[in-house]
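Student: This structure is in structure tokens; I'll ask about it shortly.
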Amino acid sequence: MSITLRMIVDQVVAPVPGPLGRYTRALTSALIESAPSGCEVEGIVASSPTIDYERVEQAFPGIGRLYKTSLARRELTAAWQLGLTTSPGGGMIHAPSLFAPLRRHDRSVTGDQVVVTVQDLVAWTNPQSLTPATVAWHRAMLKRARKHADAVVVPTHALAERLAEIAEFGDRVRVIGTAPRMGLEVDGADAALRRARLGLPSEYLAVTATLAPATGLVDLLEALGSPGVPPIPLVVLGPDSWGEVHLANVADESGVDPSRVQAVQVEDPADLAALLAGATAIVSPSHEDGAATDLIEAFSMGVPLIHSNTATHLEVAAEAGLAVTVGSGGYVDRLAAAVTAVVEHPSLADRLAVTSSDRARAFSWRDSAERIWQLHADL
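The letter at position 319 of the sequence shown is residue 319 when you use UniProt numbering, and the numbering goes up by one with no holes.
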């Protein structure tokens with residue numbers, strides 16, 4: 001008799017899959033590939049058009065049965081928030097987020113187990129960046145997880161510590177890291193063509209951010225506008241506006257010629273790989289702890305990294321990047337000094353490129369998947 005791990009894969013066919021969709025796809029694929037002998041992976045997805053079911057099956061070669069709930073995504077989200085008994089069945093269920101059928105069960109009797117994942121705590125640390133409904137949903141689901149989840153996966157120890165300040169999970173929290181998105185690979189000649197097609201300059205800094213204050217993008221722009229900082233262009237992986245605030249205006253107000261700043265949104269992982277690999281350095285100036293995916297992907301490209309010293313960034317970077325003390329007092333000046341040092345001193349940039357490549361070996365979806373399998377075996 002085979003042992004089945006049932007993965008909630010609904011985000012893969014969500015209208016906007018986003019980072020969670022990429023995480024779901026990469027982890028599920030790795031779980032299928034690393035399944036121990038006698039084990040298999042099945043999928044759980046909300047009621048959807050037939051074409052969406054086909055997309056899931058195409059995304060995961062080797063996946064077993066696909067369980068389709070009776071409710072569509074919106075209704076299922078509300079039902080699970082309220083703890084209603086709309087059930088995808090029992091067994092071992094793994095959720096890549098808090099979107100899970102959390103209800104009372106006794107795994108010692110039935111063998112049923114539900115493991116959820118907390119990717120971030122934005123609903124608590126920066127609620128104004130989300131809609132009120134989204135904040136309420138996350139807080140309600142975390143309460144349900146505290147009562148009914150058999151384990152909670154988080155990507156870093158730093159996030160585990162922050163989570164402990166919000167809800168008591170005891171020894172149910174497990175830290176299992178992530179890895180770069182699938183397809184993030186670079187081919188030299190092809191990468192140059194892709195950068196040309198994207199209209200990228202020959203030298204540039206890259207940052208993944210919006211203009212929301214907590215991302216640190218405004219701080220970085222002010223740093224680039226400081227006297228004595230090399231006039232290197234900045235490529236922003238993100239939108240060119242945030243509400244009524246526009247990137248060109250913020251750049252101009254920061255003393256940076258708007259022509260030096262370019263917002264790019266890329267969907268193709270190969271385009272992203274080309275963009276990251278061509279950067280003089282990647283900057284991650286965030287004021288808040290998050291998943292630090294941009295650091296992990298910078299390492300995978302072997303590019304020098306400049307990052308703020310949030311707890312998550314320090315944990316993920318493990319001294320492989322150039323850390324800058326975050327905070328309002330002098331942060332812009334410290335960022336300016338770090339950028340200047342990396343751009344003007346090739347020996348420093350070369351050393352950071354080497355440590356970046358070395359650090360990349362610490363992140364593997366295969367390793368993450370094997371630890372997920374072990375977690376469910378332990379339960």
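All C-beta atoms, glycine included, are put in the ideal place defined by N, C-alpha and C.
Just so it is clear, the structure is predicted and the values come from calculations on it, not from any experiment.
Hey, G228 and P285 are a contact pair by Cβ (cut 8 Å); roughly how many whole angstroms apart?
Tutor: Actually they do not touch by this definition, with Cβ atoms about 19 Å apart.
Student: Decide if the stretch 131-148 is in contact with the stretch 279-298; the criterion is three or more beta carbon pairs, one per stretch, under 8 Å apart.
Tutor: no
Student: Alpha carbons only, please: which of M7, F169 and L76 is nearest the one belonging to G21?
Tutor: M7
Student: Per DSSP, what kind of secondary structure is L211 in: helix, strand or coil?
Tutor: Three-state result, L211: coil.
Student: Check whether the stretch 190-202 touches the stretch 251-270, taking contact to mean three or more Cβ pairs, one atom from each stretch, closer than 8 Å.
Tutor: yes
Student: Please state the DSSP three-state secondary structure of E185.
Tutor: coil
Student: Report yes if the CB atom of L121 is closer than 8 Å to the CB atom of I93, and no otherwise.
Tutor: no
Student: Using the Cα positions of E319 and T325, report the straight-line distance between them to the nearest angstrom.
Tutor: 13 Å
Student: On the CB-based measure, 16 or more other CB atoms within 10 Å of its CB, does L211 come out buried or exposed?
Tutor: buried
Student: Report the CB separation of T178 from S368 in whole angstroms; it is logged as a contact under 8 Å.
Tutor: Correct: roughly 6 Å between the Cβ atoms.
Student: Tell me the residue span of the alpha helix (DSSP H) that contains R25.
Tutor: G18 to E33
Student: For the alpha helix (DSSP H) containing H138, list its first residue and its last residue.
Tutor: P132 to H148
Student: Given this structure, state the Cα-to-Cα distance separating G238 from T110, to the nearest angstrom.
Tutor: 46 Å
Student: Going by other Cβ atoms of all chains shown within 10 Å of its Cβ, with 16 needed for buried, is E222 buried or exposed?
Tutor: buried
Student: Identify whether T312 lies in helix, strand or coil by the three-state DSSP scheme.
Tutor: helix
Student: Three Cβ pairs or more, each shorter than 8 Å: is that satisfied between the stretch 360-379 and the stretch 321-341?
Tutor: no
Student: S364 to A274, Cα distance in whole Å?
Tutor: Answer to the nearest angstrom: the Cα atoms are 20 Å apart.
Student: Leaving out the 5 sequence neighbours to the left and right, which residues in its chain are closer than 6 Å to D10 when beta-carbon positions are compared?
Tutor: V45 and A46
Student: Does the Cβ-Cβ distance between G18 and V41 come in under 8 Å?
Tutor: Taking 8 Å as the Cβ cut-off, G18 and V41 do not qualify as a contacting pair.
Student: By Cβ distance below 7 Å, which residues in the same chain neighbour M301 in space, the five residues on each side in sequence not counted?
Tutor: V186, A273, L276 and A277
Student: If you run the structure through DSSP and keep just helix, strand and coil, what is Y53?
Tutor: helix
Student: Quickly, what does DSSP pair A206 with across the bridge? List them, please.
Tutor: V235 and I282
Student: Whole angstroms are fine: how far does the CA of D257 sit from the CA of A251?
Tutor: 7 Å
Student: Does the distance from the C-beta atom of V13 to that of V56 stay below 8 Å?
Tutor: yes
Student: For S47, which residues does DSSP report across the bridge?
Tutor: A72
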